[in-house]
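Numbering (the working numbering), first residue to last: 67 to 276.
Every residue, glycine too, gets a C-beta built ideally from N, C-alpha and C.
Here the structure is a predicted model, which is why all the values come from computation and not from measurement.
Take a look at the structure set out below.
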Amino acid sequence: MIKKMLATAAFAGLAPLSAHAALTMLTAADGWPPAGSSGLETVQFAAVAASGVKVAVGAHAYKNSAFLANDGVRNFQAQGGVYLPDGKNYANWSFDFAYDIRGCQGCKIWLGIDTDSSAAVSYTDIDLLTAGLPTFLGESWNLEMSFLTTPGFNFNPYAASSTDFRLFVTDAAGATLATTDITVNVPEPASMALVGIALAGLAAGRRRRV
Numbered sequence: 067m068i069k070k071m072l073a074t075a076a077f078a079g080l081a082p083l084s085a086h087a088a089l090t091m092l093t094a095a096d097g098w099p100p101a102g103s104s105g106l107e108t109v110q111f112a113a114v115a116a117s118g119v120k121v122a123v124g125a126h127a128y129k130n131s132a133f134l135a136n137d138g139v140r141n142f143q144a145q146g147g148v149y150l151p152d153g154k155n156y157a158n159w160s161f162d163f164a165y166d167i168r169g170c171q172g173c174k175i176w177l178g179i180d181t182d183s184s185a186a187v188s189y190t191d192i193d194l195l196t197a198g199l200p201t202f203l204g205e206s207w208n209l210e211m212s213f214l215t216t217p218g219f220n221f222n223p224y225a226a227s228s229t230d231f232r233l234f235v236t237d238a239a240g241a242t243l244a245t246t247d248i249t250v251n252v253p254e255p256a257s258m259a260l261v262g263i264a265l266a267g268l269a270a271g272r273r274r275r276v
């Protein structure tokens with residue numbers, strides 16, 4: 067199931083469930099990431115645990131590093147263009163999401179993708195369980211993957227853009243239990259480029275395969 071809504075309406079009343087703490091890495095001590103999601107350990111996430119469920123969303127530089135320059139809270143800065151060496155022509159950055167809703171009877175997990183590349187936000191929300199995904203998952207997607215391209219949405223990796231992502235859980239009655247979100251901005255502003263250079267050593271030798 068896919069539904070579309072404007073962020074202004076969708077976020078009404080959700081602030082207490084999505085207060086932003088500092089970006090963090092998922093840890094084995096917390097049961098993260100799920101088995102089979104190798105590589106997510108070094109991605110920085112905006113993570114929330116509430117009402118017995120966990121949600122986290124982040125971003126990384128596709129194939130080059132797990133690190134993207136960021137403000138430490140929820141805003142990431144990425145370079146435009148596509149990655150050519152592997153022939154897939156994916157955008158130079160990918161977004162990541164992880165969640166745990168095991169034991170939450172009747173709950174659904176939704177991934178919201180902003181389909182308005184301007185500063186405005188217009189979410190298309192995807193019911194991940196209906197799409198066939200499990201109740202415990204860590205995953206990485208790229209907006210240039212074919213299954214994310216629809217007649218109404220075709221991401222342009224070369225253009226300046228501001229893209230929001232959110233991940234939220236609803237219970238059997240449709241009430242929101244937990245939500246988190248980030249924004250990825252392209253191109254990389256000069257101020258954040260300097261931060262990226264200064265922190266480049268943190269990502270030395272790290273490579274992401276997804």
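*Compare the beta carbon distance of V109 and A132 with 8 angstroms and say whether it is the shorter of the two.*
To locate residue 109, count along the sequence shown from 1; it is residue 43. To locate residue 132, count along the sequence shown from 1; it is residue 66. Result yes, Cβ atoms of V109 and A132 sit closer than 8 angstroms.
*asked:* With H, G and I counted as helix, E and B as strand and the rest as coil, what does DSSP make of T181?
replied: As a first step, residue 181 is located in the sequence shown; it is residue number 115 there, counting from the start. Coil, per DSSP.
*Segment contact flag, the region 151 to 161 with the region 200 to 208, C-beta cutoff 8 angstroms, min 3 pairs*: yes
*Go ahead and label S212 buried or exposed: buried means 16 or more other beta carbons lie within 10 angstroms of its beta carbon, across all protein chains shown.*
What you label residue 212 is simply residue 146 of the sequence shown in a count that begins at 1. Exposed, since its Cβ has fewer than 16 Cβ neighbours within 10 Å.
_On the CB-based measure, 16 or more other CB atoms within 10 Å of its CB, does L194 come out buried or exposed?_
Residue numbering aside, residue 194 sits at position 128 when the sequence shown is read from its first letter. L194 should be labelled buried.
*What are the residues that DSSP puts in a beta bridge with G198?*
For the purposes of this step, residue 198 is taken as the residue at position 132 of the sequence shown. Per DSSP, none; premise fails for G198.
*Could you spell out where the beta strand (DSSP E) holding R232 opens and where it closes?*
Residue numbering aside, residue 232 sits at position 166 when the sequence shown is read from its first letter. Element bounds for R232: 227 to 236.
*Can you name the start and end residues of the beta strand (DSSP E) that K120 belongs to?*
To locate residue 120, count along the sequence shown from 1; it is residue 54. Its beta strand (DSSP E) spans residues 119 to 127.
*Boundaries of the beta strand (DSSP E) in which T249 is found, first to last residue*: Along the sequence shown, one-based indexing puts residue 249 at 183. Counting along the chain, the beta strand (DSSP E) containing T249 begins and ends at 242 to 252.
*Under the DSSP definition of a beta bridge, which residues are partnered with Y156?*
As a first step, residue 156 must be located in the sequence shown, where it is residue number 90. Answer is Y149.
*Spatial neighbours of A238 within its chain, please: CB distance less than 6 angstroms, with the 5 preceding and 5 following residues excluded, ordered by chain position.*
Taking the sequence shown and counting its residues from 1, the one referred to as residue 238 is at position 172. So the list reads G172, once near-sequence residues are dropped.
*asked:* Quick test of the definition: if touching needs 3 or more C-beta pairs under 8 angstroms, does the region 217 to 233 touch the region 135 to 153?
replied: yes
*Alpha carbon to alpha carbon, how far is I248 from A122? Give it in angstroms, no decimals.*
The sequence position of residue 122 within the sequence shown is 56, counting from 1. The sequence position of residue 248 within the sequence shown is 182, counting from 1. Their Cα atoms are separated by approximately 10 angstroms.
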